[in-house]
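Step one of this worksheet: look at the structure below.
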Amino acid sequence: MKKILAILTIFTIGYISYSQEVTFDKKNFKDDKGAFKEAEAHLKEGDRLMGIMPFPHYNAALKEYLLAQQFNPKFSILNYNIGICYLNTPLKFKALEYFQNAFKLNAGIFPDIHYYLGRGYHLKMEWDKAIEHYEAYKKVINPKDVAKGQDVQKKIFECNSGKKLVTTPVRVWIDN
-10 MKKILAILTI
0 FTIGYISYSQ
10 EVTFDKKNFK
20 DDKGAFKEAE
30 AHLKEGDRLM
40 GIMPFPHYNA
50 ALKEYLLAQQ
60 FNPKFSILNY
70 NIGICYLNTP
80 LKFKALEYFQ
90 NAFKLNAGIF
100 PDIHYYLGRG
110 YHLKMEWDKA
120 IEHYEAYKKV
130 INPKDVAKGQ
140 DVQKKIFECN
150 SGKKLVTTPV
160 RVWIDN
């Protein structure tokens, strides 16, 4: 899944966007060409680091993407990639903000955006929102892709279990 996502991300930089989005294109930033070149270099380096297989360098790519985002925070693919990076670091909880930004800028960015929004809400224990996005993702999954279907069903089960467990907390002590 991660390999496919990384490859898909690299090849979709030229993805056509909606009107809210400001793409990473020289013509959109005529007044600040020097900063644009620097930001574009950070973006390309982030893409390169994400594309290293079999183990993308998420932490290093994240640093590059965040530098590029300072120049252009309204690029959906960049927000999406930052979310992917955060999701693969110990700071997973920060991913949701970037997936939300990507979705606001371009709701059709990638078919799996609902999966990642679901993951973000899931990590924040916002069970109903997570289930809503997982259900939306189920609609775009190829029925022949059984593994993805099972993964989403498992995530929905986890959310439903989380809702129940939060309502009846149990006090426990853990001794080493």
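Numbering-wise (our numbering), the sequence shown opens with residue -10 and increments by one.
Ideal Cβ positions, reconstructed from N, Cα and C, are used throughout, including at glycine.
Please read these numbers as outputs of a predicted model, since none were measured by experiment.
By the neighbour-count definition (other C-beta atoms within 10 Å, threshold 16), residue 157 is an exposed residue.
Counting along the chain, the unbroken alpha helix (DSSP H) around residue 34 starts and ends at 22 to 39.
Distance between residue 73 and residue 20, taken at the CA atoms: about 31 Å. Residues 75 of the same chain have their beta carbon placed closer than 7 Å to that of residue 83, with the five preceding and five following residues left out of the count. When 42, 67 and 44 are compared, the shortest CA-CA separation from residue 52 is found for 67.
Counting only runs of 4 or more residues that sit fully inside the region 31 to 101, the alpha helix (DSSP H) segments are 47 to 60, 65 to 76 and 84 to 94, in chain order. At a Cβ-Cβ threshold of 8 Å, residue 103 and residue 87 do not count as neighbours. One Cα belongs to residue 23, the other to residue 165, and the distance between them is close to 56 Å. Rounded to the nearest whole angstrom, the CA to CA distance from residue 29 to residue 47 is 18 Å. For residue 41, the number of other beta carbons within 10 angstroms of its own is below 16, and it is reported as exposed. Annotation for residue 152: the continuous alpha helix (DSSP H) segment containing it runs 135 to 156.
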